[in-house]
Structures are given as C-alpha cells and as structure tokens.
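All residue numbers for the sequence shown refer to our numbering, where the first residue is 193 and numbers rise by one. Written out below as structure tokens is the structure these notes cover.
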Amino acid sequence: RHVEKDLGPANVPFVILGGCLLWFGWLGFNGGSALSVTDGVAARAVATTFVASASSMLTWLALERVLKGTSTSVGASVGAVAGLVCITPAAGFVTPGWSIAIGALGAPWCFATVELMNKINLVDDTLDAFGLHGSGGIAGAILTGIFAVEDGLIYSGSFLLLGKQIAGALAGVAFSAVGTAIIVGAMKLLLKLRIPEEQEVGGIDQHTHGESYHSPIKKYPAGGRMTESESEESDAVC
C-alpha cells in the first residue's frame with residue numbers, strides 16, 4: 193500500500209508551508225511548556241528548538257545529497273520536523289550548542305528509520321509518523337540523558353540520567369503499544385479499519401465526495417480548441 197510514496201507529495205509548496213507552520217508553532221509549544229519566563233527555561237527551549245531543527249534540516253539535506261544524489265525541498269521540510277521532534281524532550285535542559293549535536297545526530301537516526309519503514313511492505317506509514325515522531329522521540333529522550341546540563345553524561349560523567357531516559361523511552365513505547373492495541377481491537381469490533389484497496393488506489397476523495405484534489409486535465413490541439421469528443425475522453429480518463 194505504498195501508492196502515495198511512489199507518486200510523491202500531491203503539492204510540494206503545501207509541504208513546505210506545512211513545515212514552516214510546524215516550525216513556527218513548535219517554538220511556542222516547547223517554549224510554552226515551561227509555563228514561566230522567570231527562570232530562563234522557556235528562552236532556552238525556544239533557542240534550542242530553533243537551532244536543533246536547523247541543524248537537523250541541514251544534516252538531512254546532506255544525507256539526501258550523498259545517498260540519493262540530490263537534495264530536495266521536501267527533504268528539507270522533513271528534516272526540520274525530525275529536528276523538532278528530537279529536541280523536544282531536551283528543550284530547556286540543553287545548551288543551544290549541544291542542540292546542534294542533537295539535531296545532527298537525530299537526523300540520521302530518523303532518516304534510517306524512514307528508509308527502513310518504507311522497505312517494509314507490511315507497514316502503512318505514508319506520512320512517516322513512526323519514522324519521524326516515534327523514532328525521533330526515542331532518540332531525543334536518549335540524547336537528553338547525554339547532553340542535559342548538570343545531570344547529563346557529558347557534564348556529570350554519570351549514567352544515571354541516561355539510564356532513566358532510556359527506561360522512560362521504553363516505558364513510553366510499551367504504554368503506546370498496549371494502548372494502541374486495545375483501541376484498535378475495540379475499533380475492529382465496530383467498523384472496518386480501512387477502505388477496499390481499489391478505492392484507496394483510485395482516491396478516497398473521488399469515491400466518497402465525487403471530486404479530486406486537482407482539476408481534470410484537458411488536452412487541446414495545437415492552435416485550436418478542444419472538441420466535445422476530446423473533452424469527454426479527457427474527463428473519462430481523469
């Protein structure tokens with residue numbers, strides 16, 4: 193079920209716009225999580241969020257260039273989101289300098305996970321939700337135990353916080369897996385979890401709403417107007 197992956201995004205400018213909106217909103221998300229501006233945590237969270245995302249974006253572009261031959265605008269957007277996810281557990285608890293490292297280390301981890309998930313035909317993850325948010329969240333939690341100010345491995349030389357972060361990440365995975373299994377199991381008893389494959393390939397919008405995300409493509413002869421038969425044939429194809 194990787195039709196969307198093969199075709200690529202339907203609208204690249206919208207992907208870029210969405211990435212920019214996420215980046216902007218994430219600054220408030222991480223900064224606002226401090227609930228106060230008096231202790232400097234909020235300011236540090238905003239700074240590290242911005243820097244880590246930029247670092248991850250540049251690293252992702254470099255990986256695309258080296259491994260695939262070209263760097264893409266979609267890759268830049270995806271890389272920025274990977275950085276946003278990875279820095280979230282650490283935002284407010286690492287310095288802006290170390291946030292560069294978190295973005296640079298988190299991007300290859302997410303890149304490899306996305307590539308792996310796309311090769312597993314049993315997994316339907318068109319939006320790379322696990323490859324970015326799941327895998328990136330795990331990476332960010334572990335990296336927090338390394339780079340956190342005062343208690344991190346680099347500052348304290350102790351593995352205590354790192355061990356706690358790893359345990360917390362594993363607990364989160366277990367909780368999410370069990371919770372999702374329960375929810376999906378209950379839903380399967382009440383309704384179908386996905387539409388028939390022919391409707392999925394043809395497009396849900398067309399089947400459910402009788403419309404598509406793009407206008408029908410009409411072919412015009414050189415120097416002339418489309419004839420009625422050509423118009424009907426073009427509409428039939430679309």
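Every residue, glycine too, gets a C-beta built ideally from N, C-alpha and C.
- [ ] Could you say which of A226, W215, V233 lies nearest to V243 if we only look at CA atoms?
- [x] W215
- [ ] Indicate the three-state DSSP secondary structure (helix, strand or coil) for V315 in the structure shown.
- [x] coil
Task: Inter-residue spacing [alpha-carbon to alpha-carbon] between V207 and T318 - done: 14 Å
TODO: Alpha carbon to alpha carbon, how far is S404 from G329? Give it in angstroms, no decimals.
DONE: 35 Å
TODO: Name the two residues that bound the continuous alpha helix (DSSP H) containing E392.
DONE: 389-394
- [ ] Drop a sphere of 10 angstroms on the beta-carbon of C278, count the other beta-carbons inside from all chains shown, and report buried for 16 or more, exposed for fewer.
- [x] buried
Task: 7 Å CB neighbourhood of G395 in its chain, flanking five on each side removed - done: S404
TODO: With DSSP as the reference, label S225 as helix, strand or coil.
DONE: coil
- [ ] Would you mind reading off the limits of the alpha helix (DSSP H) that contains S263?
- [x] Careful: S263 lies outside any alpha helix (DSSP H) and carries neither H nor E.
TODO: Could you tell me whether the Cβ atoms of P388 and T336 are closer together than 8 Å?
DONE: no
TODO: Locate the alpha helix (DSSP H) running through Y347, then write down its first and last residues.
DONE: 345-348
Task: Continuous alpha helix (DSSP H) stretch holding Q357: start and end - done: 352-382
- [ ] Would you mind stating whether L255 and A299 have Cβ atoms separated by less than 8 Å?
- [x] yes
Open item on the list: For a quick check, are the C-beta atoms of I374 and G332 less than 8 Å apart?
Closed with: no
TODO: Taking the CB atoms as reference points, tell me whether G271 and T251 lie closer together than 8 Å.
DONE: yes
TODO: Determine the burial state of R386: buried for a count of at least 16 other Cβ atoms within 10 Å of its Cβ, exposed for fewer.
DONE: exposed
Open item on the list: Using a 10 Å radius around the Cβ and a threshold of 16 neighbouring Cβ atoms, would you call N313 buried or exposed?
Closed with: exposed
Task: Environment of G275 [buried if 16+ CB atoms lie within 10 Å] - done: buried
Open item on the list: Looking at V341: is its Cβ nearer than 8 Å to the Cβ of V273?
Closed with: no
TODO: Indicate whether A237 and G217 have their beta-carbon atoms separated by less than 8 Å.
DONE: no
- [ ] Kindly indicate the opening and closing residues of the alpha helix (DSSP H) around L335.
- [x] 327-339
TODO: Below 7 Å CB to CB, which residues in the same chain sit around P303 once its five sequence neighbours on both sides are set aside?
DONE: Correcting the residue identity first, residue 303 is Phe in this sequence and not Pro. These residues qualify, in order along the chain: W252, L255.
Open item on the list: Taking the alpha-carbon of L353 as reference, which of A361, D343, Y347 has the nearest alpha-carbon?
Closed with: D343
TODO: Reducing DSSP to helix, strand and coil, say where V233 ends up.
DONE: helix
- [ ] Between the Cα of A359 and those of I334, S225, V233, spot the shortest distance and give me the residue it belongs to.
- [x] I334
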